[in-house]
Every structure is written in structure tokens, then in C-alpha cells.
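Beneath this line is the structure, given in C-alpha cells, with notes to follow.
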Amino acid sequence: MASSSIAGSLRHRANRGVLARLRGGDEISYLVTLACAVLIFVVVALIVAKLWGNSQPAIRAFGWDFLRTSRWNPNGGKFGALPFLYGTCVTSAIALLIAVPTGVASAIFLAEMAPPKLSNLLTFLIELLAAVPSVIYGLLGIFMLLPLIRVYLVPALKSTFGFLPLFQGSFYGVSFLSAGLVLAVMVIPFIVSVSREVLLAVPTEQREAALAVGATKWETTWDIVLPYARSGIFGSIFLALARALGETMAVTMVIGNTPKITASLLSPGYSIAAVIANEFAEASGDLYVSSLIFAGLVLFGLTIVINALARILILATSQKAATA
Amino acid sequence: MKISARRRIVNAVMLSLSGICTLLVISVLFFILGYLLVHGVKSLDFDFFTKLPKPSGETGGGMANAIVGSGKVLLLATLIGVPIGFLAGIFLAEFSGKTFAFTIRYVVDLLNGVPSIVIGIVAYALVVRPMRHFSALAGGVALGIMMIPIAVRTTEEFLRSVPNSMREGAMALGATRAQTIFTVVVPAAMSGLISGMMLNLARVAGETAPLLFTALGNMFWSKGWLEPIATLPVMIYNYAIAPEEDLHQQAWAAGFVLLMLVLAINVTARMVINRGHASSRR
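From first to last, the protein sequence lines are chains A and B.
First residue of the first sequence? That's 897 in this note's numbering, and the numbers climb one at a time after it.
First residue of the second sequence? That's 20 in this note's numbering, and the numbers climb one at a time after it.
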């Protein structure tokens, strides 16, 4: 009697419809949260699809020449994005040139030397720098940094490195150099906080072993700890590079918005993100808009590849440290 | 073993250089704060919060519409980004298998790395183009997409930090998985979740690039959700690159208000999170 009622209830459960089973809550919450997780893939797919689809007219009209020619003439229907690509690369290079040594050195100080409490406080402050909106960096760039560069930095550069083509020509304030400097300040926090994390993940035994055989603190850091954390630090640099390439407002405000390719870092330039920011809202005509979206697609491709690389490098280091 | 003088000097020089670099970076923050404080407070007055912008050529006026506008766009962004990110985060922490979770996490990180201006283009293509005009809604969609990645990672991180014994306790009392998650795990992680979402909001509150051609801007009050709308960051940008000195003053005032808001949220939220971490470690 008892066994037949159990069998009956089992049969009853099996016969319940999908809807009835969902009423339990487990399945509903599983499905809803799964749907949201899948939605993220949809959003990313949508980004790719919209960029790709909307840049088709420009891709068909120019193809690879879009990236190889430098005439940007909305009235004549000619669009070549080389000057923008050049500006994006040059400003990011300047930014990394300054931010990498400063950032990695700060990370070394915070991870290897500063007492934990001080290190946490300073890291907290440096991460606040990352929270400052980019338009505020632009505002400060225009009114604070440009005059400083004009009065102090440029005369100094000209008198010491003036023979280089990099520092020739007249300087109006807005320039590749100014944009690169603002970008440097903006990406340093990313390098510091990620590099510090990977340095802290290096096992203490590695340091102790080096110190035990007579290495100085610096030799331990430079020859043992840094090589151990190398790929993670490169990851943080790539992360910063991706930020620098895609940064819009601060660059737009101090780069000068002139589509020209010159060797001099003191002359005004333009970047991919800046041209989209400046011209998109007023762009008229399918080919014009589509060219700007094509530029956006190029920027998207660049940053995605670099980000993907950065994440893999950071993951590799943290896994190495976890298995050690 | 005696360490040679050269090695000792290199050691001292390099170590102090790293300290100097840290000092340099920190001083930049204080320089920014100080400069903005001086210029911002000088130009800030009551009109800034209550008046509309004046037509070009006239001085005075404020940014009341942009303050409300930023609020509206951020509300939309939160309504779009937070639920999706929160639920996806629950899936990652509570339901997902390892490989799938890894894939989602990777894609979320990539989405987080997409330049904000590109997100702007996508929101333009998704909302502005079909509806044929710029709107608060389009701005909200752009910022909403930008909020998803951090919402996911925050939710996952804080749910994972809830000890498993709490889940086991709830299940042992006969709670279903869903009941366990929504009545035990989520409430236990609540202060972290809220702080994380506030940080997320603070991050997009300063975003300008994705709003330039979605929300666009407006010199007047914007009615409803389908009209172009003024926002603080876009106002700062427009006023900063304008030639008039009076507009620069307004830009400083707006920059000051925006930065104080963002930093205040950051400091409080991070303190709440750190306290939570400290107590869970104990």
C-alpha cells in the first residue's frame, strides 16, 4: 500500500508539466539568470554586428585604403583614417613611455617596500585617480597642463633635444605631446594596481631564497620577483595600452583636432576616438557616418585584441602563483 | 660576505626612486583635487544648482537641467545595466559550471574593455537611428551597457565571499536553491553588493563620450525620456572648449561638483567594502 502510493506520487511528479515544475523557483531562477548571462554574449554580438553592418558602405568604398590613405574630406566623399590611426598610436606610445616606468616603480614600492597599511592607503589613493572622469582630465589638461607644458616643458625639451625632428616646429599648446602626457596620468593607476596585485602574488619563498644567498633587496626584486611576475606586469601594460587607445574626451580636448601626420610631437594631431567624438553628431550622408563607424570598428578591433592578450597574461601569472 | 659599495648604492638609489615615483603619482591626485577645489569653489554659486544655462553672449545662469538630466540618464542606465549584471552574476556564482563561467567572465572583461565611444556608436545604431532622434533613452542604453560588466563581476565576487556553510545551513532546513540564494546568500552579501553598484554608478556618471551623440545635450529642460537631454559631463566638455571665459568658470564649477560626487561615492563605498572584508577575515 505504502509502496504503491510512493510509486504513484513519483508518476505524478513525472507527469507534471514544465510550468508546474517551474513553480518550484529553482528552475525559474536558473533559467532567468542563465538568460541574463547569455544576454551578455548577445550584447557583445550586437556590438560587433552593429559596427560591422553600419560600416559596410565605407568598407565597400575604401577597403584597406581606409587605413592607408590620409585624405579626410567629407565634402568630397573621400575618407582615409591614417592620420587618426597615427595620432592614436603616437599618443598611446608617449603615454606608455611615461606611465610604464613610473607605474611599475610605484607598484614595486607598494608591493615590496611599503608596510602593508601604508601600501593599502597609497593604493587606495592611486585607485581614486582612476575614478576621476576623463572629461575632468580634459578640463585640467586644457587649463592647467597646457600652460605648464608651454612655459616649462617645451623650452626645456627644445634646448636639450631640439636637434631631434620630434621636438621641432612651433608649439601652440594642443599637441600629441600634451595628449600623451594626460593619457599617461590616466593609465598609471591601472598599471600600478594590477602590477601590485601580481607582485604580491609572487610566493615569499622566492624572495627569501634570493635574500638568503646574499642578494640585496633591489637585486631580489629586479632579478627574482620581477621575472616571476613578468607576464602579469605585461598584462597590466597591455590593459593600460587598451585604455589609452580608446580614451576619448581628454585626448579630444588637448590634441588639437588637426588631421595631419608629422614627426614633431609638438604639433597638433587627431585620434580615432577624437574624430568620432567631434564629427559623429553632425555627420551627414551615409558614407560619412559609415566611415566614422568604420573608424570605430578599427578602434574596437585594436582594443579587443590587446585586452584579450592582457587578460590571458594576467590569468597566466595568477595561475602560476596559485600552483607554485 | 661583504656587499660591495656599488651594489649597496644601486640598491639604495633604485629603492628610493621607486618611492619617489609613488610620491609623484600620489601628488598628482592632490594637485588635481587642489586645483579643482580652488577654481571650482570660486565659480560655484546657488544659481548653478537652480538656473538654466543662459543663451550664448549672456553671463550667469546655471546647470539645473544638466544635473537633473544626469540623474535621469543614470537612472535609466541603472535600470538597464544592474538587473542584467546582477542576475548574470548570480548565475556565475551559484549555478554555472567551470568552463562556461570562465567563458562568461572572459567575455565580460572584454566588454569592460570596449572603448566608451564605441559603446556610444552602438547605442546610436540601436536607439537613435531607428527612433530618428537623440534621446535620454539612448544615453541610458549606452551607459547601461557600460554598467553590465562591473555589475556582473561585483555580484559574483560578493556572492562567492559568502561562506558555503550558510548555503548548507539553509538547504539543510529544507530551503530550495532559489530560496537559499534570494533569502540567505544575497542578503548576506547586501552591503558589498550595494557598494559595488554605487562604484559602478560613479564610474559611468562621469562618462562623456557615449553621451555626445546619444543624449546629445539641451539648453532647456528636457520633457520625458525621448528628447535630447543635457548632462553634466557633456556640459563640462562643451563649456571647456567654448571661447567665453564665463563658460569656463561654469565648467570648473560643474567639474568640481561632478568630481566631488564621484570621489565621495568612491571613498564611502570602498570603506564599506574594506570593512566587510576585514570582518569576514576575522
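Idealized CB from N, CA, C, for every residue including glycine.
Cβ-Cβ distances below 7 Å link Gly163 (chain B) to Leu95, Ala96, Ile99, Gly100 in the same chain, with the five nearest sequence neighbours on each side left out; the list follows chain order. Between Ala142 (chain B) and Ala933 (chain A), the gap from beta carbon to beta carbon reaches 7 Å or more.
Pro1012 (chain A): member of the alpha helix (DSSP H) spanning 1012-1027, first to last residue. In terms of CA proximity to Ala270 (chain B), B:Ser62 leads the group B:Ser46, B:Cys40, B:Ser62. Non-local beta-carbon contacts of Ile1022 (chain A) in its own chain, meaning distances under 6 Å to residues more than five positions away in sequence, involve Pro1085, Val1088 in chain order.
Of all residues in the stretch 1156-1183 of chain A, those with a C-beta nearer than 8 Å to a C-beta of chain B are Ala1169, Ile1172, Ala1173, Phe1176, Ala1177, reading in chain order. Taken through DSSP and simplified to helix, strand or coil, Pro149 (chain B) comes out as helix. Excluding five sequence positions before and after Leu1107 (chain A), the CB atoms of its chain that fall closer than 6 Å to its own CB belong to Thr1116, given in chain order. For the stretch 1070-1154 of chain A, the continuous alpha helix (DSSP H) assignments of 4+ residues that do not extend past its boundaries occur at 1072-1096, 1100-1108, 1126-1142, 1145-1150, in sequence order. Our two residues, Trp948 (chain A) and Phe1190 (chain A), have alpha carbons roughly 8 Å apart in a direct line.
Rounded to whole angstroms, the separation of the alpha carbons of Arg196 (chain B) and Leu930 (chain A) is 15 Å.
Taking the C-beta atoms as reference points, Thr250 (chain B) is found no nearer than 7 Å to Ala261 (chain B).
Beyond the five residues adjoining it in sequence on each side, Thr1154 (chain A) comes within less than 7 Å, by CB distance, of Pro1164, Gly1165, Tyr1166 in the same chain, given in chain order. Residue pairing by DSSP places Gly80 (chain B) opposite B:Pro72 in a beta bridge. Approximately 5 Å separates the beta-carbon atoms of Asn950 (chain A) and Ala144 (chain B); this is inside 8 Å, confirming the contact. In the three-state DSSP reduction, Asn30 (chain B) falls in the helix class (H, G or I).
Residues Ala155, Gly158, Gly159, Leu162, Leu230, Ala234, Ile248, Thr250 of the same chain have their beta carbon placed closer than 8 Å to that of Val92 (chain B), with the five preceding and five following residues left out of the count. For Trp948 (chain A), the enclosing alpha helix (DSSP H) begins and ends at 922-950. Residue contact with chain A for Asp128 (chain B): present (Cβ-Cβ distance below 7 Å to some residue of chain A). Around the CB of Tyr1124 (chain A), 16 or more other CB atoms lie within 10 Å, so the residue is classed as buried. Linking Val928 (chain A) to Leu992 (chain A) through their CA atoms gives a straight-line distance of about 43 Å. In this structure, A:Gly1197 is the residue among A:Pro997, A:Gly1110, A:Ala1001, A:Gly1197 with its C-alpha nearest to the C-alpha of Ala1138 (chain A). Taking 7 Å as the CB threshold, Val101 (chain B) stays off the interface with chain A.
Rounded to whole angstroms, Lys73 (chain B) and Gly80 (chain B) show a C-alpha spacing of 5 Å. In the structure shown, Asn237 (chain B) adopts coil according to DSSP, grouped into three states. Taking a Cβ-Cβ threshold of 8 Å, none of the residues of chain A is close to Ser154 (chain B); the smallest such distance is about 13 Å. The Cβ of Ser1127 (chain A) sits no closer than 7 Å to any Cβ of chain B. In its chain, beyond the 5 residues on either side, no residue has a beta carbon closer than 6 Å to the beta carbon of Pro1051 (chain A).
DSSP places Phe975 (chain A) in the strand class (E or B) of the three-state scheme. Between Val996 (chain A) and Ile1133 (chain A) a beta carbon distance of about 6 Å is seen, short of the 8 Å cut, so the two are scored as contacting.
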